[in-house]
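In what follows, a single structure is set out as structure tokens and then discussed.
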Amino acid sequence: MDLNEESPGNRPLAVIIGMPGAGKTRVGREGAHMLGVDFVDSDIEIEKRAGMPIPRYFERYGESGFRDLEADVIAELLACCTGLLALGGGAPMTASTRALLEDYVNDGGRLVYLQADMREAMERANKAGGRPMLDGNSNVRWRRLYAQRDPVFRRISNFNVHTHGSTPRMAARKLVNMIRQRVVHVTGDGIEPYSVHIGRGTLGGLQDALGRDVLRVALIHTTVVQRHSDQVRAILRRAGYRVYDVVIPDAETGKSIAVADKVWHRLGSEGFTRSDAVVGVGGGAATDLAGFIASTWMRGIRYVNCPTSLLAMVDASTGGKTGINTVDGKNLVGTFYTPAGVLADIKTLSTLPNDIFVEGLGEVVKSGFIKDTAMLDVLDANSASLKGFDGAAFLDTALEEVVCELIERTVRVKAYHVSADLREAGLREYLNYGHTLAHAIEKIEGFRWRHGNAVAVGCVFAAELSHLLGYIDQGLVDRHRRLFAQLGLPVSWDGAGFDDVLALMHRDKKARGDSLRFVLLKTLGEPVIVEDPPLDAVEEAFRRIRP
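Numbering of the sequence shown is given in the numbering used here, commencing with residue 579 and proceeding in unit increments.
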């Protein structure tokens, strides 16, 4: 590789850092092979530039001279390398290199901290030899270096790959899955920043999301997702956490004060404190309850969501709204409390029945109509494949990448609104497009109707009302009906009369006093809040969603 040939705008696909013996070169080379990209080791490039092995350069010019050369070479590599780049163990400790790495991360780059078991890394480092920083009592020196470097590596990296107990190929597969992940960062006023990780193998990031100070973890899940909760439990136990299984009823029946009370009792009997945590695994109802429990136990403890359905990945698990249902309506009791992280592992979607996957598309389509209008074209172009979703054949197909893109784009729409308005005082209300009728449908149907299906009908109703009030034309209403139907979602409902629905709409969370408030469309991609529209228009829009 010619370091003098720089391509403007080029940057590494990922940069790998880690302690001596972590396996940066071997794992990085194997990962690059899997990805079909080049692999560059900065130490090898340094030796080419120096014309001698690194130990001899150390001998002749000392550590200071070596670090100057290393910093120059890495600066050039960061500007011209487009594959995987592995850095020497001490490289990030040089201030100029660290600043470049921080700029790389801020520009969207992936800085991977490859973390091996301490004993494994020390053993490999000793066997390899040729490490000037480990001359003498190598184990003692390694531990001393680790104490200095680990806090820095943790601070500047935005991805961690744990390789304990993994073969080089297994570790490389973890690295590849991580590199292919899509990440959405959520921040804003009143929000402790967190990230939503989307892709294969994201569950492996549980330890990093929870932190090392947590002792006990309440694993809240349903029996329906036993396969996935088993995996999460194993990951948590390997990381050294004490795991307490908390099984709740499936779907909306799990979101009740009676269920919450049982969970609180369990946490109390197991001695959960403010330094412990909750992990929610399952669909939207399970992640809603997990967040509610975490937000209320001792006025708030750490929690991580691991959504296993499309609906939970794009809606319930992220955004920081938690809640339970009452006899009077859905989510009327709840809190605003953001998670420490959301790990959307798309491998879990391979176990979803077709109807459960398709209903999750309701929230995806909604996000296209209110903000990311280009997503509607992606949905339209792939509607047949999405409607015919087959979990058993889902992975390793073109559809996998489409679904990852749709999840990311939908989460970005949600993050945009949440970052500006965590507590739903204004902008965030736009996310409720279609939900005023949807929540009424769910309540009337005894929650037998899935949320995404109800949202689809609710969006068609909102579009009809927007048209009746003169905001949008008939063509956009027809587009609602056509796209939802193409995806296999319902566009009509006849479960109750208008008076019953109207009474429930008045109890909607967006209502203010006796006023009805709707999120409607002013135009495609531009929602608007309309207060107390003419009742005859509301009734006519309702009539139009009848079969």
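Where is the CB? At the ideal position from N, CA and C, for every residue including glycine. Everything numeric in this text was worked out from a predicted model, so none of it was measured.
Pick from G777, D1051, R1006 and I1123: whose alpha carbon is nearest that of E978?
-> G777
Evaluate contact between the segment 1032–1047 and the segment 1059–1079, counting only Cβ atoms and requiring at least three cross-stretch pairs below 8 Å.
-> yes
Have a look at Q785 and S997 and give me their C-alpha separation to the nearest angstrom.
-> 25 Å
Given a threshold of 16 other Cβ atoms within 10 Å of its Cβ, counted over all protein chains shown, does N883 qualify as buried or as exposed?
-> buried
In this structure, what does DSSP give as the bridge partners for A592?
-> L662
Which residues mark the beginning and the end of the beta strand (DSSP E) in which R1095 is found?
-> R1095 to T1101
Confirm, please, whether the CB-CB distance from R589 to G661 is below 7 Å.
-> no
Under the three-state reduction of DSSP, which class applies to S887: helix, strand or coil?
-> coil
By how many angstroms is the C-alpha of L678 removed from the C-alpha of V593?
-> 12 Å
DSSP three-state call for P586: helix, strand or coil?
-> Its pLDDT being 40, under 50, P586 is placed unreliably in this model, and the value from its coordinates should be taken loosely. P586 falls in the coil class under three-state DSSP.
Under a three-way DSSP split, which group does A600 fall into?
-> coil
Across which residues does DSSP place A922 in a beta bridge pair?
-> I776
Have a look at L1102, Q759 and F1025 and flag the residue whose alpha-carbon is nearest the alpha-carbon of S945.
-> L1102
Assuming V683 contacts L689 under a Cβ cut-off of 8 Å, what Cβ separation, rounded to an integer in Å, is found between them?
-> 5 Å
Start and end of the beta strand (DSSP E) containing F972?
-> Run containing F972: none; DSSP gives neither H nor E here.
Under 7 Å between the Cβ atoms of V1106 and F1096?
-> no
Who are Q693's beta bridge partners in DSSP?
-> H740
Measure from the alpha carbon of L1046 to the alpha carbon of each residue in D1077, S847, R727 and K1100, then state which is nearest.
-> K1100
Exposure label - E641; buried when at least 16 CB within 10 Å = exposed
Using the rule of at least 16 other Cβ atoms within 10 Å of the residue's Cβ for burial, across every protein chain shown, is H1058 buried or exposed?
-> buried
What's the C-alpha gap between H806 and I1019?
-> 30 Å
Based on the DSSP secondary-structure assignment, which residues constitute the bridge partners of L797?
-> D823 and V857
Chain C beta carbons: is any one of them nearer than 7 Å to that of G1048?
-> Given the protein chain composition of this structure (a single chain), no chain C is represented.
What span of residues does the alpha helix (DSSP H) with R816 cover, start to end?
-> Q804 to R816
Return the first residue and the last residue of the beta strand (DSSP E) that N903 is part of.
-> K899 to T904
Would you say V754 and G601 are within 7 Å of each other, going by their C-beta atoms?
-> no
Put R758 into one of helix, strand or coil per three-state DSSP.
-> coil
Nearest-angstrom Cα separation, counted from G966 out to A628 | 59 Å
Given T851 as reference, the closest of I871, M876 and D828 once Cα atoms are compared = M876
Is V991 near K949, with beta carbons less than 7 Å apart?
-> yes
Sequence-distant residues of the same chain with beta carbon closer than 6 Å to N582, five excluded per side = Note that N582 scores 35 on pLDDT, short of 50, meaning its location in the model is unreliable; the coordinates nonetheless yield the value given after this. There are no such residues.
Pick helix, strand or coil for K833, following the three-state DSSP scheme.
-> coil
Taking D619 as part of the alpha helix (DSSP H), name the residues at either end of that continuous run.
-> Note, D619: premise wrong, no alpha helix (DSSP H); beta strand (DSSP E) at F617 to D619.
Pair every Cβ in the segment 863–881 with every Cβ in the segment 833–852, then say whether three or more of these pairs are closer than 8 Å.
-> yes
Cβ contact (3+ pairs, closer than 8 Å) linking the segment 849–866 and the segment 795–803 = yes
K944 - DSSP class collapsed to helix/strand/coil | helix
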